[in-house]
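Chains as they are written, first to last, in this note's numbering: chain G, 1 to 136; chain S, 1001 to 1136.
Virtual Cβ for every residue (Gly too), placed ideally from N, Cα, C.
Notes to accompany the following structure.
Number of protein chains: 2
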Amino acid sequence: MNSSFRILKDFKLRSTPGRAAILDAFLTHNYALSHGDLEKEVPATFDRVTVYRTLKTFLDKGLIHKVLDGEGGMKYALCNEACTTANHHHDHVHFKCTKCGQTNCLQVEIPEIKLPKGYQPREINLLIQGVCGTCG
Amino acid sequence: MNSSFRILKDFKLRSTPGRAAILDAFLTHNYALSHGDLEKEVPATFDRVTVYRTLKTFLDKGLIHKVLDGEGGMKYALCNEACTTANHHHDHVHFKCTKCGQTNCLQVEIPEIKLPKGYQPREINLLIQGVCGTCG
DNA sequence: CTGTGTGCAAACACTTTGCAGGTGT
DNA sequence: ACACCTGCAAAGTGTTTGCACACAG
């Protein structure tokens, strides 16, 4: 049942209705959500501003990570269990379907990229756009 | 000399001072420029709006392509000669240096990614953030 | 001359900030 | 009780649109 409260505690965050609602939205959708998506998914009782702040908090604590949406926008998705506040590794492929608009985290690792010497990679982001399995 | 006028003609675009200036900015910088960068690079005689519209036109005609900047923003870079209006292929790696802020197109191909079946890729975008050769 | 590009003003959308009051622990 | 969240209002930033005029071809 209400697992969001547990998760919030695990991440040392206060349990508030707003946070629980947003977290629930992430738990029940297995694709990445933009701020705009959240405003639709979450009961309109919550302020825009709260959503912004909550997202930032979740990001800081490592609960969610950013997902590029290919249009200059930003989406967010839950981190998997392996992520902690300090140590993140979501070097997986993100796929955005141009038909349904959903952006998913695929369980596909990003292959190693050989960079010219001197280049030190820190964060890597691979976004593929096209038609997804369900829309194809 | 003034090669921007030739390029514009090649792409069937009218030669105007504004377009030439913006194109020049791209020609003289070998890294991706955001709209904000352009406002600084280009003599302030041109309107913000003109820059927006010019970028859109260049995109449409295939003169430039989008480059993700990893922060929800968007940058733009010249397409290489192989790109035409209809047929684009800039499946190369983009590298954003967190020190100098420059985003470069690297001459590194993106390796083939195996997607789950049913997924049809159309556009692929790989952005690596870290420290570049000159800043490292 | 004709159609397209440009500038200006305004509208619009998105995000952040400050502050007063409410809520979780 | 205290610190932290939240809502509201407002400011800040980035982008788009409408219209009249200017300019390239």
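Would you say residue i lies against chain G (beta-carbon separation less than 8 Å)?
| i | result |
| --- | --- |
| Asn1122 (chain S) | In the sequence under discussion, the amino acid at residue 1122 (chain S) is Arg, which differs from the Asn named in the question. Taking Cβ atoms only, chain G reaches closer than 8 Å to Arg1122 (chain S), which makes this a yes. |
| Gly1101 (chain S) | no |
| Cys1105 (chain S) | no |
| Asn1080 (chain S) | no |
| Asn1125 (chain S) | yes |
| Gly1036 (chain S) | no |
| Leu1033 (chain S) | no |
| Val1131 (chain S) | yes |
| Ile1128 (chain S) | yes |
Distance cutoff 8 Å, beta carbons only. Does residue i sit that close to anything in chain S?
| i | result |
| --- | --- |
| Thr54 (chain G) | no |
| Val93 (chain G) | yes |
| Asn30 (chain G) | no |
| Val51 (chain G) | no |
| Lys61 (chain G) | no |
| Tyr119 (chain G) | yes |
| Leu115 (chain G) | yes |
| Ile7 (chain G) | no |
| Val108 (chain G) | yes |
| Gly18 (chain G) | no |
| Thr45 (chain G) | no |
Using the Cα positions of residue i and residue j, report the straight-line distance between them to the nearest angstrom.
| i | j | result |
| --- | --- | --- |
| Phe5 (chain G) | Thr16 (chain G) | 8 Å |
| Ile22 (chain G) | Gly136 (chain G) | 30 Å |
| Asn104 (chain G) | Leu33 (chain G) | 9 Å |
| Ile1064 (chain S) | Ala44 (chain G) | 40 Å |
| Gly133 (chain G) | Gly36 (chain G) | 24 Å |
| Leu1078 (chain S) | Arg1048 (chain S) | 20 Å |
| Pro1116 (chain S) | Lys75 (chain G) | 22 Å |
| His29 (chain G) | Asn80 (chain G) | 14 Å |
| Leu1027 (chain S) | Tyr119 (chain G) | 24 Å |
| Leu1059 (chain S) | Ser3 (chain G) | 46 Å |
| Ile7 (chain G) | Thr57 (chain G) | 14 Å |
| Leu1106 (chain S) | Phe46 (chain G) | 44 Å |
To which residues of the same chain is residue i closer than 8 Å at the C-beta, ignoring the five residues directly before and after it?
| i | result |
| --- | --- |
| Val108 (chain G) | His92 and Val93 |
| Ile124 (chain G) | Asp91, Ile110 and Ile113 |
| Val131 (chain G) | Cys97, Thr98 and Lys99 |
| Lys9 (chain G) | Ser15 |
| Thr54 (chain G) | Gly18, Arg19 and Ile22 |
| Lys1012 (chain S) | Lys1061 |
| Pro121 (chain G) | Ile113 and Leu115 |
Please report the residue range of the beta strand (DSSP E) in which residue i lies.
| i | result |
| --- | --- |
| Lys40 (chain G) | No beta strand (DSSP E) contains Lys40 (chain G), which is instead part of the alpha helix (DSSP H) from His35 to Glu41. |
| Thr103 (chain G) | Thr103 to Glu109 |
| Tyr76 (chain G) | Met74 to Leu78 |
| Arg1122 (chain S) | Gln1120 to Val1131 |
| Leu1068 (chain S) | Ile1064 to Leu1068 |
| Phe95 (chain G) | His92 to Cys97 |
Suppose the cutoff is 7 Å on Cβ atoms and the five residues either side in sequence are ignored; what does the same chain contact list for residue i look like?
| i | result |
| --- | --- |
| Leu127 (chain G) | Leu68, Gly70, His94 and Lys96 |
| Leu38 (chain G) | Ile22, Ala25 and Val51 |
| Gly73 (chain G) | Ser34 |
| Gln1129 (chain S) | Gly1070, Lys1096 and Thr1098 |
From what residue to what residue does the alpha helix (DSSP H) around residue i run?
| i | result |
| --- | --- |
| Ile1022 (chain S) | Pro1017 to Thr1028 |
| Phe58 (chain G) | Arg48 to Lys61 |
| Ile1007 (chain S) | Ser1003 to Asp1010 |
Using a Cβ-Cβ cutoff of less than 6 Å, which residues in the same chain neighbour residue i once the five nearest sequence positions on both sides are dropped?
| i | result |
| --- | --- |
| Gln1102 (chain S) | Tyr1031 |
| Glu41 (chain G) | Ala25 |
(message) Count Cβ pairs between the stretch 1063–1077 of chain S and the stretch 1090–1098 of chain S that sit closer than 8 Å; are there 3 or more?
(response) yes
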